[in-house]
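Reviewing the structure listed below.
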Amino acid sequence: MTHPENDEKYIGLTVNSGVAQPPSVNPYLKRHRRKPLPSVADLVDGIVKGDVTMLSRAVTLVESIQPDHYAIAQEVIEKCLPHSGNSRRIGITGVPGAGKSTSIDVFGLHVLRDGGKLAVLAIDPSSERTRGSILGDKTRMEKLSQHPGAFIRPSPSAGSLGGVARKTRETIVLCEAAGYNNIFVETVGVGQSETAVHSMVDFFLLIQLAGTGDELQGIKRGIMEMADGIVINKADGDNIGPAQLAQAQFKSALHLFPPTESGWSPEVLTYSGYYEIGIAEVWNMIDRYFAFVKNNGYFDRKRMQQARYWMYETIDNRLRSHFYNDPQIAEMLADRENLVLANRQSSFTAARDILQFYFSKK
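For the sequence shown, the positions run 21 to 382 when the numbering used here is used.
Okay, here's the thing in structure tokens:
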């Protein structure tokens, strides 16, 4: 920029050029370069060898919404399938505040003392407004998160329940291929997610509290019918009596339910996760269950039923995604929605027209 004030006719008047502005970015800052994605072969080889870094990167690909990541993840899962299936899958649920994470911490340490490896897949509650998630399960599993034989993977529950459940199911396959012979799946809380988790685990554990009012009223019958074992947490100090009373109530309620498909009679136990009282008894119950269902053949039948269920569930999810991601369908949906809201067309005929258009596309 030139300054006319510096012309010779303005003798004695000088305008300095000023001080150069420093750059907005620190010149000493090293630019972070994203590591290139490993090949499918490298991912599979690392997972089978138990490389936690490769396992984590593969799980990230499974959770990604990018199409190219999805394709890579599916190829990795397909190649890991022959190395999977050799684990005990345990779903853990309960009302919020029941002490699920604390219980998983002590249950996990109890399992790891006998050798083997443990993977904890915790679906973390997400904000409906921001879609954000704290993902704080590792902070609540202090001892387990420091154990070299444990792999803890919190996942946000934002998005469709079916999508979250499918990704968890696929993550189980990867963890099993990596040598984790015990899989814990912690759910958000009592709700619809329990049905999805029940369809991917071998044993379903329900954690309850005593002294919170009507214990049986605080939980849905459907959840109790799915449970293979019910445990009353915080049975310590002055709460031992109420915990034993709740135990008797649940035992009485279970007698009213029809026999389970497995033939196993669900047990009700008390324990204290904080003081680590009764942990061995809870795990002995789980051991007895696995021995029982493997002896009568239900274990293998249930695994086959789950594999078939997830095949059809995946088909449903893919069809739904293909339908709603079609730009012509999206435009037609908006148009017919306006007609329905204006009371110019019924909901049923609008749906019929849209589906006829979709199925006529070749």
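Beta carbons: idealized from backbone N, C-alpha and C, even for Gly.
Integer Cβ distance of residue i from residue j, believed to fall under 8 Å
i	j	result
residue 111	residue 224	5 Å
residue 263	residue 252	5 Å
residue 222	residue 322	7 Å
residue 119	residue 271	Contact flag wrong, Cβ pair sits at about 21 Å.
Separation of residue j from residue i, as counted between CA atoms
i	j	result
residue 150	residue 275	Summary for residue 150: the model assigns pLDDT 36, below 50, so the residue's position carries little reliability, and this model does not support an answer.
residue 68	residue 170	16 Å
residue 300	residue 130	8 Å
residue 243	residue 249	11 Å
residue 378	residue 370	12 Å
residue 104	residue 204	15 Å
residue 57	residue 330	28 Å
residue 63	residue 71	9 Å
residue 350	residue 185	26 Å
residue 166	residue 206	19 Å
residue 314	residue 320	7 Å
residue 98	residue 324	17 Å
residue 266	residue 230	6 Å
residue 74	residue 188	17 Å
residue 194	residue 90	14 Å
residue 342	residue 42	51 Å
residue 84	residue 94	12 Å
residue 367	residue 332	27 Å
residue 199	residue 260	39 Å
residue 134	residue 201	12 Å
residue 346	residue 125	45 Å
Extent of the continuous alpha helix (DSSP H) to which residue i belongs
i	result
residue 228	That residue, residue 228, is in no alpha helix (DSSP H); its beta strand (DSSP E) goes 223–228.
residue 312	299–315
residue 202	Unbroken run through residue 202 is the beta strand (DSSP E), 202–206; no alpha helix (DSSP H).
residue 281	That residue, residue 281, is in no alpha helix (DSSP H); it is neither H nor E in DSSP.
residue 381	That residue, residue 381, is in no alpha helix (DSSP H); it is neither H nor E in DSSP.
residue 325	318–344
residue 356	347–361
Where the beta strand (DSSP E) containing residue i begins and where it ends
i	result
residue 249	249–252
residue 39	Note, residue 39: premise wrong, no beta strand (DSSP E); not H, not E.
Three-state class that DSSP yields for residue i in the structure shown
i	result
residue 290	strand
residue 59	coil
residue 175	strand
residue 266	helix
residue 170	strand
residue 46	coil
residue 256	coil
residue 198	coil
residue 367	helix
residue 28	coil
residue 275	coil
residue 187	helix
residue 244	helix
residue 214	helix
residue 285	coil
In chain order, each alpha helix (DSSP H) run of at least 4 residues that lies wholly inside the region 66–149: 72–83, 87–100 and 120–133
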